[in-house]
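Residues 185 to 306 in this note's numbering are what the sequence shown lists, from first letter to last.
C-beta: ideal position from N, C-alpha, C; glycine also.
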Amino acid sequence: MTTEQYIKTGRLTALFTFIIGTIIFSLYYLTSAFEILLVGYGFIALNGLINIVILIAILIKIQNAKTNRKRLQNTSVLMFLNIPIMIAYCLVAINLLGTMRINFTNETNTTITDVNIVGCGG
185 MTTEQYIKTG RLTALFTFII GTIIFSLYYL TSAFEILLVG YGFIALNGLI
235 NIVILIAILI KIQNAKTNRK RLQNTSVLMF LNIPIMIAYC LVAINLLGTM
285 RINFTNETNT TITDVNIVGC GG
């Protein structure tokens, strides 16, 4: 592969990983659906492996490249930026696991004034 292909592959991988990861995180944040959490874990495992392989290839290319070394370094930094974002998403998701959402639906035309919730922690 040429240096340009490494740069393009690295940037596209970083971008798609960020976008898809953000979509999965947003869906989980909005719905708290356990199935989305499982999809997120699988996404992290699969794309983490893919990103590591591409990143190692770029780092090897940086050492061997005489030209475009700075652009390769910028691409690797862009790929590394996904790591703290993924950690932040995981921490928020773990925090959300301890939360329960309760939705109240009042299908009557009367106002409900006395609501008593029993069984939740302090």
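Boundaries of the alpha helix (DSSP H) around PHE202: 187–215. Rounded to whole angstroms, the Cβ separation of ILE204 and PHE227 is 7 Å, and the two are in contact under 8 Å. Sixteen is the threshold: when 16 or more other Cβ atoms of the shown chains lie within 10 Å of the Cβ of GLY194, as they do, the residue is buried. DSSP, read as helix, strand or coil, puts ALA249 in coil.
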